[in-house]
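What follows is a short report on a single structure.
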Amino acid sequence: LSVGQAANLLGAGRTKKEDEIDPAVGIQLLQKVGDEVEGGDTLAVLHVNAEDHLDEACKLVESAYETAGTGSPHQPPPLIVERIVG
Numbered sequence: 087l088s089v090g091q092a093a094n095l096l097g098a099g100r101t102k103k104e105d106e107i108d109p110a111v112g113i114q115l116l117q118k119v120g121d122e123v124e125g126g127d128t129l130a131v132l133h134v135n136a137e138d139h140l141d142e143a144c145k146l147v148e149s150a151y152e153t154a155g156t157g158s159p160h161q162p163p164p165l166i167v168e169r170i171v172g
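Numbering-wise (the numbering used here), the sequence shown opens with residue 87 and increments by one.
Okay, structure coming up:
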């Protein structure tokens, strides 16, 4: 959710239907759940055309990441939660 909000702030989405979408902006996530990272590793790249909301967008993207600590990798949630047959 916070990554989507950050992308919207940068202009990649709309708040109102009249809002313009800037196709040149967006967020590239370089690390996924369970990836091993070290201090200084780049987690995401923000592509921007203006710095108006850059600080707030960076904080939102940072809040989307959580580290588990050494030796305890986090497992991604299952892609299929339940099957309904019938």
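C-beta: ideal position from N, C-alpha, C; glycine also. Since the model is a prediction, treat every value here as computed from it, not as a measurement.
Query - Range covered by the alpha helix (DSSP H) that runs through V147 - result: If you number the sequence shown from 1, residue 147 lands on position 61. For V147, the enclosing alpha helix (DSSP H) starts and ends at 140-149.
Report task. Given a cut-off of 9 Å, decide if A92 and V147 are closer than it, judged by their beta-carbon atoms. Result -> Position 61 of the sequence shown, counting from 1, holds the residue named residue 147. Position 6 of the sequence shown, counting from 1, holds the residue named residue 92. Result yes, Cβ atoms of V147 and A92 sit closer than 9 Å.
Report task. Quick one: give me the first and last residue of the beta strand (DSSP E) that V131 is part of. Result -> Here residue 131 refers to the residue found at position 45 when the sequence shown is read from its first residue. Its beta strand (DSSP E) spans residues 130-133.
Requested in this report: Please state whether DSSP places L116 in a helix, a strand or coil.
Outcome: Residue numbering aside, residue 116 sits at position 30 when the sequence shown is read from its first letter. Correct three-state label for L116: coil.
Query raised in the report: Do A150 and S88 have their C-beta atoms closer together than 9 Å?
Result: The count along the sequence shown starts at 1 and reaches residue 150 at position 64. The count along the sequence shown starts at 1 and reaches residue 88 at position 2. Yes, these two residues count as a Cβ contact at 9 Å.
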